[in-house]
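Enquirer: Numbering (this note's numbering), first residue to last: 24 to 490.
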Amino acid sequence: MAQIISSGIGSGLDISGLVSQLVQAERAPAENRLNASEVRAQSRLSAFGSLKSALSSFQGSLDKLQSADLYQARKATVSNTDLFTVSSDTDASAGHYSIQAEQLASRHKIASAAYASDDTSVGTGSLSISVNGSTLNLDIEAGSDSLTAIRDAINNASANPGVTASIIRDEDGSHLVLSANDTGEDYAVSVSVTTDGADTGDLSALAFDPLADPQTSPMIEKQAAADAILIIDGFTARSSNNVFDDVIDGVSITLKTSDPGEKYTLDVQRDEKSVKRAVQQFVEAYNSLRGTLDTLTAYNPETKQAGLLQGDSTTARLSAQLRQSLSVTISGANRDMDSLAEIGITTNFETGKLSLDNDKLDSLISSNFAEFSTLFSGDAGFASILDGVTDIYTRFDGILDTRSNGISSQISRINSQREALNNRMVSVEARYLAQFTALDGLLGELNQTSNFLTSQLGNLPGFTREK
24 MAQIISSGIG
34 SGLDISGLVS
44 QLVQAERAPA
54 ENRLNASEVR
64 AQSRLSAFGS
74 LKSALSSFQG
84 SLDKLQSADL
94 YQARKATVSN
104 TDLFTVSSDT
114 DASAGHYSIQ
124 AEQLASRHKI
134 ASAAYASDDT
144 SVGTGSLSIS
154 VNGSTLNLDI
164 EAGSDSLTAI
174 RDAINNASAN
184 PGVTASIIRD
194 EDGSHLVLSA
204 NDTGEDYAVS
214 VSVTTDGADT
224 GDLSALAFDP
234 LADPQTSPMI
244 EKQAAADAIL
254 IIDGFTARSS
264 NNVFDDVIDG
274 VSITLKTSDP
284 GEKYTLDVQR
294 DEKSVKRAVQ
304 QFVEAYNSLR
314 GTLDTLTAYN
324 PETKQAGLLQ
334 GDSTTARLSA
344 QLRQSLSVTI
354 SGANRDMDSL
364 AEIGITTNFE
374 TGKLSLDNDK
384 LDSLISSNFA
394 EFSTLFSGDA
404 GFASILDGVT
414 DIYTRFDGIL
424 DTRSNGISSQ
434 ISRINSQREA
444 LNNRMVSVEA
454 RYLAQFTALD
464 GLLGELNQTS
474 NFLTSQLGNL
484 PGFTREK
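#1: Select from Gly429, Asn204, Leu349, Ser431 the residue whose C-alpha is nearest the C-alpha of Phe516.
#2: State the Cα-Cα distance for the pair Asp290 and Ile276, rounded to the nearest angstrom.
#3: Hey, which unbroken runs of the alpha helix (DSSP H) at 4 residues or more fall wholly within the stretch 289 to 321?
#4: With Thr171 and Asn178 assumed to form a contact (beta carbons below 8 Å), what rounded beta-carbon distance in angstroms separates them?
#5: What are the start and end residues of each continuous beta strand (DSSP E) run of 3 or more residues lying completely inside the stretch 111 to 168, in chain order?
#6: Can you tell me whether Gly404 is buried or exposed? The criterion is at least 16 other CB atoms within 10 Å of its CB, across all chains shown.
#7: Does the beta-carbon distance from Ser129 to Ala248 come in below 8 Å?
#8: Starting from the C-beta of Ile252, find all residues in its chain whose C-beta is less than 7 Å away, skip the five residues before and the five after it, and write them out in chain order.
#9: Alpha carbon to alpha carbon, how far is Asp37 from Ala25? Give it in angstroms, no decimals.
#10: Would you grab the beta carbon distance between Arg426 and Thr337 for me? Rounded to a whole angstrom, and I think it's under 8 Å.
#11: Need the endpoints of the beta strand (DSSP E) that Asp193 sits in, please.
#12: Check for me: the beta strand (DSSP E) holding Gln246 runs from which residue to which?
#13: For Gly196, which three-state DSSP category applies?
#14: Could you tell me the distance, in whole angstroms, from the CA atom of Leu278 to the CA atom of Arg346?
#15: Report the rounded CA-to-CA distance for Ser362 versus Val62, giving the unit in angstroms.
#16: DSSP three-state call for Ser431: helix, strand or coil?
#17: Taking the beta strand (DSSP E) that Ala379 belongs to, which residues open and close that run?
#18: For the 8 Å Cβ check, are there 3 or more pairs between the stretch 387 to 397 and the stretch 329 to 343?
#19: Between the alpha carbons of His198 and Asp168, how many angstroms are there, rounded?
#20: So for Ala182, helix, strand or coil by DSSP?
#21: Quick check: what's the CA-CA separation for Val214 versus Asp162?
#22: According to DSSP, what are the bridge partners of Tyr287?
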């Protein structure tokens, strides 16, 4: 009798391998179906995300065109940018001006006579340092009357009126220097000194009166306190800090250096370039959006590959609404400028993208600047109309959010189904293991019986074991 051959314990069957293959064979169809569904769902979710991003970028270009400031903005330019920095706002008065940078503002600096070293004793008494109506009173006592001690006392004083003390050393020795923190004539530094019989030196050597002849004060004026001087069309203006904000309405002028007697030009005009740039960005943003829509909805008959949103009703409706909005006529606008085509923006009917005639746009901005505000901004303008279309799709809980949330729910259901499949496969594996374990035991018993019978038959007279 032939023996049932085993390769291991019991029957010798590879129970683990058999069960694993059976479970995988049963799992594979459902798992592949779930994986394919998840890939499709994730791809569509990503596609709607790309579409929303493109729409948001397009809305950004619409926001610029809707802003009233865009059409009211003024641009200030100066013929010498090395001398002046200019800026303007919507209140700027347009015009052409002659401008001269006569003088920069400077901070007041005074210096003491030379002392042998930083530690040289100056003298005792009291110092009163005044700047623009604020005064610091310091008592200078013996032992703390050196240049270093006086410098530190001034700089560390909580009531410092706006002056910085320093020590500068030259070939003559050490000098105490007082510098106003602010520029301008109003920030001149004055120092008065009171001494008494206990004065250990000559503290009065630190006195300075800005109203007196500078040469009569013990301290020497190294730099005068001066206002900046600007001449515009023959009118003189002064500033303590080189900035002129109130000479021309809406225009700020900052002096960078001076060039006395030389005249330059300042022009304040409508900011036509910003309007043109905003229109160009609108065209570019729309074409980018159209490119995204085309990619998502395209179908290639040669490769038979369809875009992720090919045939999607939401995307088709959005595309149609955008095309329709571009072709409307704006009520209230000039009859010669009430459509995009009339300012040089046309649609390519094959691609659906926009083209811009920059020369035509330049000409109309120069000759009909005010009409652009009516054409694009306001409740009836193109920017508002297109923004209304896109907002339905991009706003919180809008159409695209609703579609994306639906796909996210689908992905969640797929994950739940995958978890249920895993749980079911655990039960299937347990059932197969139980069945094959029982079979293994049965085959083991059959092997033992076979061995016993073979042994018994071999003991019978005349029995020859078949080989």
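Every residue, glycine too, gets a C-beta built ideally from N, C-alpha and C.
Expert: Considering the structure as presented:
#1: It is not possible to answer for residue 516, since the shown part of the chain is limited to 24 through 490.
#2: Whole-angstrom Cα-Cα distance: 12 Å.
#3: Fully enclosed alpha helix (DSSP H) runs of 4 or longer: 295 to 320.
#4: That pair is no contact at about 11 Å.
#5: Correct list: 118 to 126, 130 to 134, 148 to 154, 157 to 163.
#6: Taking all protein chains shown into account, Gly404 has 16 or more neighbouring C-beta atoms within 10 Å of its C-beta and is therefore buried.
#7: Yes, these two residues count as a Cβ contact at 8 Å.
#8: Closer than 7 Å at Cβ, skipping near neighbours: Glu125, Gln126, Thr259, Arg261.
#9: Its pLDDT being 40, under 50, Ala25 is placed unreliably in this model, and the value from its coordinates should be taken loosely. Their backbone Cα atoms lie some 21 Å apart in a straight line.
#10: Between Arg426 and Thr337 the beta-carbon gap is near 6 Å, inside 8 Å, which marks them as a contact.
#11: Per DSSP, the unbroken beta strand (DSSP E) holding Asp193 starts and ends at 186 to 193.
#12: Note, Gln246: beta strand (DSSP E), 243 to 246.
#13: Taken through DSSP and simplified to helix, strand or coil, Gly196 comes out as strand.
#14: Their Cα atoms are separated by approximately 51 Å.
#15: Going by the C-alpha atoms only, they are around 44 Å apart.
#16: Assigned with DSSP and collapsed to three states, Ser431 falls in helix.
#17: Checking the sequence shown, residue 379 turns out to be Leu, not Ala. Looking at the DSSP string, the run of the beta strand (DSSP E) that includes Leu379 is 377 to 379.
#18: By the Cβ test, the stretch 387 to 397 is not in contact with the stretch 329 to 343, since fewer than three Cβ pairs between them sit closer than 8 Å.
#19: Linking His198 to Asp168 through their CA atoms gives a straight-line distance of about 14 Å.
#20: Three-state result, Ala182: coil.
#21: C-alpha separation (whole angstroms): 13 Å.
#22: According to DSSP, Tyr287 bridges with Ile122.
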